[in-house]
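> Quick one: structure below, then a few questions.
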Amino acid sequence: PMEDAKEPDEDHLYQLFRLFAQPDQVEEMAAMYRRGGFGYGDVKKAVAEASETYFHDARNRREELANNMDYVRETLRKGADRAREVAGGVLSRAQAACGLR
Numbered sequence: 024p025m026e027d028a029k030e031p032d033e034d035h036l037y038q039l040f041r042l043f044a045q046p047d048q049v050e051e052m053a054a055m056y057r058r059g060g061f062g063y064g065d066v067k068k069a070v071a072e073a074s075e076t077y078f079h080d081a082r083n084r085r086e087e088l089a090n091n092m093d094y095v096r097e098t099l100r101k102g103a104d105r106a107r108e109v110a111g112g113v114l115s116r117a118q119a120a121c122g123l124r
């Protein structure tokens, strides 16, 4: 029954909550589980709110990048150029070591 006390570490919703919430919120939720008298709908709302807060900055950054595709393309091009440069050096050394050059 919902009103019974529960062991938080055995509940998948609590485990999800723990991933996103602040330590003080996790302690408060664990105490609520041990007291009992709550509904899983309450926990689902808390998980949703905690995950929204957790990912807030990343969502904003993604939106900024989506609105600046020239910057994204240029950054990717620079990364590809650098990767080609490094890989070329490694390939040359490997070919020389194998007697292919």
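In my numbering, the protein residues as written are 24 to 124. In this text, a Cβ means the ideal position worked out from N, Cα and C, and glycines have one as well.
Examine the ligand SAM and report whether any of its heavy atoms sits within less than 7 Å of the Cβ of Glu-75.
As for the ligand SAM, it is missing from this structure, which has no ligand bound.
> Can you have a look at Tyr-63 and say buried or exposed, based on whether 16 or more other CB atoms are within 10 angstroms of its CB?
Numbered from 1 along the sequence shown, position 40 holds the residue referred to as residue 63. The residue in question, Tyr-63, is exposed, as its Cβ has fewer than 16 Cβ neighbours within 10 Å.
> Ignoring anything shorter than 4 residues, give me the alpha helix (DSSP H) runs that lie fully in the region 81–124, in order along the chain.
List check, alpha helix (DSSP H) in window: 92–120.
> Can you tell me the Cα-Cα spacing of Phe-43 and Val-95, whole angstroms?
If you number the sequence shown from 1, residue 43 lands on position 20. If you number the sequence shown from 1, residue 95 lands on position 72. Here the C-alpha atom of Phe-43 lies approximately 28 Å from the C-alpha atom of Val-95.
> Evaluate contact between the region 101–109 and the region 65–73, counting only Cβ atoms and requiring at least three cross-stretch pairs below 8 Å.
no
> Can you say whether Pro-46 is buried or exposed, counting buried as having 16 or more other CB atoms within 10 angstroms of its CB?
Along the sequence shown, one-based indexing puts residue 46 at 23. When all chains shown are included, Pro-46 counts as exposed.
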